[in-house]
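This report refers to the structure that appears directly beneath it.
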Amino acid sequence: MSEIVKGQVQIKDLPPHLQKKLRQQKIVPSLKSKKLNRSVAGNALLFFIMGICAVFMVLPLVMIVNNALKPLDELFQYPPKIFVRNPHLENFSDLFVLMNTSWVPFSRYLMNTVIITGLGMVGHVVIASLAAYPLAKHNFPGKPLLFSMVVLSMMFSWTVTQIPQYAIISWLGINNTYWALILPAFCFGMGLYLMKQFMEQLPDSLMESARIQGANEWQIFWKIVMPNVKPAWLTLAIFQFQQMWGNTGSLFLHDEQLKPMQYALQQITAGGAARAGAAAAVTFIIAAVPITFFLICQSSILETMTTSGMKD
């Protein structure tokens, strides 16, 4: 009964005879007695405001798509138009020609980006989760100090840590390699903070019951904790994917064959007005991939979190 009062079980999901019995005992209020907090006019105003905000948020995406389909005369038209008048795909064909004229094949740039982004994203999610689990569910000396260091690390701008990061990578001897971009991606404090705060919502009774049944810490982590925090690590994966996808690697990578696709695309956009159409196609490609990745994962991120109503 206490689980129903706390909201862990929805009354409408119970059998009708049990619903009637609970209401007769006044354990839960009747559904008919529930009143709306807002009026119809309040709901209409709320949806109107949300609609305006949605228009402003989607406008940059609309501009990116339309600019990628505009001919050069429409790109330089003043005042600029949001929607394309004569759509065509010449911008993408020009981009394809420019990439094929490079002495490094475009497939090489793409492969570099996939390796760096994939390993950086997966490694960060795994390491951040492994580090967050003891901070969230174990007590040990120095735990508050370690967590304070993680929080303080998020206050420093990336430009402040560039010189120490470059010195460490050079000392490790991994400069001008994939690991120069992958290894720093494992150490972002934001991921550890997010996973730690989310894991704290899991009831300790889950872990205790697993230990009673003979499960070790690795089994508890992989079979109980990680499935229950799936929305958190999928959200973290999206953030890390977006950051790694936009990394040019210009600070650590010197060989042209090791550089990611973003570096090659930036060189195209720096070609001036003659390459404005190809630059618009580049902007579309850069934005389309992270958005597509988000759309694939959004069902898991926006689903009802399994720990939202769980209490000890």
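Going by this note's numbering, the first residue of the sequence shown is number 7, and it counts up by one from there. Even for Gly, the Cβ is constructed at its ideal location relative to N, Cα and C.
The Cβ atoms of A286 and K76 lie closer than 8 Å to each other. A residue is called buried when at least 16 other Cβ atoms come within 10 angstroms of its Cβ; F247 meets this threshold and is buried. Here W164 is exposed, its C-beta having fewer than 16 other C-beta atoms within 10 Å. Burial is judged here by how many other beta carbons sit within 10 angstroms of a residue's own beta carbon; V68 has fewer than 16 and is exposed. An exposed status is given to G57, since fewer than 16 other beta-carbon atoms sit within 10 Å of its beta-carbon. Counted as a single uninterrupted DSSP element, the alpha helix (DSSP H) harbouring M250 occupies residues K236 to W251. The beta carbon of R281 is closer than 8 Å to those of D100, L104, I274 and T275 in its chain, skipping five residues each way along the sequence. Look at E206 here: in three-state DSSP terms it is coil, with no helix or strand label.
Under the three-state reduction of DSSP output, F82 falls in the coil class, being neither helix nor strand. DSSP, read as helix, strand or coil, puts P233 in helix.
When secondary structure is reduced to three states using DSSP, D261 falls in the coil class, being assigned neither helix nor strand.
Take the alpha-carbon of V166 and the one of P66: they are about 30 Å apart.
DSSP, reduced to helix, strand and coil, places K149 within a helical segment of the structure shown.
With contacts defined by Cβ atoms closer than 8 Å, Y139 and V231 form a contacting pair. Within 10 angstroms of the beta-carbon of K87 lie fewer than 16 other beta-carbons, which makes it exposed.
For H144, the three-state secondary structure derived from DSSP is coil. Contact between Y184 and L257 is absent: CB atoms are separated by about 14 Å, not below the 8 Å threshold. A direct Cα-to-Cα measurement between I133 and Y269 gives close to 27 Å. Non-local C-beta neighbours of H260 in its own chain, meaning closer than 7 Å and more than five positions away in sequence, comprise N182, ordered along the chain.
Between the beta-carbon of L242 and that of M201 there is about 7 Å, and that keeps the pair under the 8 Å contact cut.
Annotated three-state conformation of N72 is helix, per DSSP.
As summarised for the stretch 124-199, the continuous alpha helix (DSSP H) elements at least 4 residues long and confined to that stretch are 149-159, 168-178 and 185-191, given in chain order.
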